[in-house]
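Numbering (the UniProt record's numbering), first residue to last: 247 to 615. Scroll down for the structure; my scribbles are underneath it.
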Ligand code: F6R
């Protein structure tokens, strides 16, 4: 049942190209348009939305953080991301024009469920992004976009995460289409990038898995691992660190690269393993700023493990280990960069002799507060 893999988690990591392809299935029209009629919200309702609040827990909240960058960029609608456990205790500003997007793989997470009930009581529209048909959160929502990842058995979320990001992107593009903030050809161009994803994820699996596993062997005794990222790479740093905490039970933390000088750089010491997710070399300056960050931490003794696009000759000289990713646009890098981090955490936990599928103290769906 694990398809020849030692863990469900490993099987699910390798299923990601298919999970993403299945999540796109039937939603990309033959003419390059977006088909999302399954959303049970009318065009008028969607047009009236002036604020989006994404609520979720854990990994699902990091999917939301990635999506925030894309959704605001495409729709120009303000989008916040909030932990479900915080949302209802802070008197949030919600109106009938607010779209609350609840992301949950299981559809049963108590904090997320309580948060959508709170939002509904204030007459917000609630849309669920969920992987489990007929579960409580989509049942109680006004609308739902299912991720079609197939059952996720391992406690640590992998294909759930990737498909959540994809579903959020579809939602963002749909809103942009309805609100008229992006033209048809621009939307078609992004949809083409989505369509290319499964093959690119497969390429990452084929070309980086050995390297990520070797790295796990090398770092098996590391007491602490840090992750740096910027823009959409920042939530990937958080997610890479969470996977390591949950599975390997070691201290791991993700930081926004721009925050380095505001505190985290004090942690950098001789031999500290530090993953850095480098944005693609685009027109903005982010790439160069993150490359400077790599230099700064390396000068202080960090062992730099750099994830960058394959041809990144600027990052290469400062990389103790360079994990090469296919060249994609900034918004599409997260779905590739996370994959070797998942493989690394899975392998490191395996080497430590832990139960990867059932980490201590954790449950697959957290149905209590
Ligand atoms: C991490 C993980 C958890 C879940 C979180 C939300 O690997 O699995 O952080 O992402 O408990 O669960 P769902 O998405 O089912 O609401």
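Cβ coordinates follow ideal geometry from the N, Cα and C atoms, glycine included.
**Prompt:** Which residues bound the alpha helix (DSSP H) around residue 291?
**Reply:** 289–293
**Asked** So is the beta-carbon of residue 304 under 7 angstroms away from any non-hydrogen atom of ligand 1?
**Response** yes
**Item:** Touch test, the stretch 413–431 against the stretch 311–323, Cβ-Cβ under 8 angstroms, three pairs minimum
**Value:** yes
**Prompt:** What residue does the beta strand (DSSP E) around residue 429 start on, and which one ends it?
**Reply:** Here residue 429 belongs to no beta strand (DSSP E), and DSSP marks it neither H nor E.
**Prompt:** How would you call residue 516, buried or exposed, if buried means at least 16 neighbouring beta carbons within 10 angstroms?
**Reply:** exposed
**Request:** Enumerate, from N- to C-terminal direction, the unbroken alpha helix (DSSP H) stretches of 4 or more residues contained entirely within the UniProt domain "SIS" (288–427).
**Result:** 289–293, 304–321, 330–333, 356–367, 382–385, 405–425
**Prompt:** Do residue 254 and residue 451 have their CB atoms nearer than 8 angstroms?
**Reply:** no
**Request:** Would you mind sorting residue 298 into buried or exposed? The rule is 16 or more other CB atoms within 10 Å of its CB.
**Result:** By the Cβ-count criterion, residue 298 is buried, with 16 or more other Cβ atoms from all chains shown falling within 10 Å of its own Cβ.
**Asked** Taking Cβ to Cβ, would you say residue 301 is nearer than 8 angstroms to residue 361?
**Response** yes
**Prompt:** Any idea which residues DSSP pairs residue 567 with across the strands?
**Reply:** Here residue 567 is bridged, per DSSP, to 551.
**Message:** The beta strand (DSSP E) that contains residue 578, what's its start and end?
**Reply:** DSSP places residue 578 in no beta strand (DSSP E); its state is neither H nor E.
**Message:** So if DSSP puts residue 470 in a beta bridge, which residue, or which two residues, is it bridged to?
**Reply:** 497
**Request:** On the DSSP bridge assignment, give the partners of residue 280 in chain order.
**Result:** 274
**Message:** Let's test the definition: count the other Cβ atoms within 10 Å of the Cβ of residue 579 and tell me whether it reaches 16, buried, or not, exposed.
**Reply:** buried
**Message:** Does the beta-carbon of residue 612, which I'm using as the reference point, lie nearer than 7 angstroms to any heavy atom of ligand 1?
**Reply:** yes
**Prompt:** Hey, would you say the C-beta of residue 402 is under 7 angstroms away from at least one heavy atom of ligand 1?
**Reply:** yes
**Prompt:** Under a Cβ-count criterion, where at least 16 other Cβ atoms within 10 Å of its own Cβ denotes burial, should residue 554 be classed as buried or exposed?
**Reply:** Here residue 554 is buried, its C-beta having at least 16 other C-beta atoms within 10 Å.
**Prompt:** Does ligand 1 have a heavy atom nearer than 7 angstroms to the CB of residue 380?
**Reply:** no
**Message:** Taking 7 angstroms as the cut-off, is the C-beta of residue 406 nearer than that to any heavy atom in ligand 1?
**Reply:** yes
**Prompt:** Taking three-plus beta-carbon pairs below 8 angstroms as touching, is the stretch 499–507 in contact with the stretch 440–456?
**Reply:** No: fewer than three Cβ pairs fall under 8 angstroms.
**Asked** So what does DSSP say about residue 504, is it helix, strand or coil?
**Response** Three-state DSSP puts residue 504 in a helix.
**Message:** Tell me which residues share the same chain as residue 433 and place their Cβ nearer than 7 angstroms to its Cβ, disregarding the 5 neighbours each side in the sequence.
**Reply:** 280, 419, 422, 423
**Prompt:** Is the closest heavy atom of ligand 1 to the C-beta of residue 488 under 7 angstroms?
**Reply:** The closest heavy atom of ligand 1 lies less than 7 angstroms from the beta carbon of residue 488.
**Request:** Could you work out which residue in 387, 341, 352 is closest to residue 368 when comparing CA atoms only?
**Result:** Taking the Cα of residue 368 as reference, the smallest distance to any Cα among 387, 341, 352 is reached at 341.
**Request:** Kindly indicate which residue of 486, 522, 407, 397 has the alpha-carbon position closest to the one of residue 541.
**Result:** 522
**Message:** Does the beta-carbon of residue 352, which I'm using as the reference point, lie nearer than 7 angstroms to any heavy atom of ligand 1?
**Reply:** Yes, Cβ of residue 352 sits closer than 7 angstroms to a heavy atom of ligand 1.
**Prompt:** Is residue 358 near ligand 1, judged by its Cβ being under 7 angstroms from some heavy atom?
**Reply:** yes
**Message:** Assuming residue 511 is part of the beta strand (DSSP E), what are its boundary residues?
**Reply:** Per DSSP, residue 511 belongs to no beta strand (DSSP E) and is neither H nor E.
**Message:** Let me check one thing: in DSSP terms, what residues is residue 475 bridge-paired to?
**Reply:** 502
**Message:** On the DSSP bridge list, what partners appear for residue 521?
**Reply:** 473, 551
**Prompt:** Helix, strand or coil for residue 607 per DSSP?
**Reply:** Looking at residue 607 - three-state DSSP - the assignment turns out to be coil, as it is neither helix nor strand.
**Message:** Looking at residue 574: is its Cβ nearer than 8 angstroms to the Cβ of residue 587?
**Reply:** no
**Request:** Can you say whether residue 382 is buried or exposed, counting buried as having 16 or more other CB atoms within 10 angstroms of its CB?
**Result:** buried
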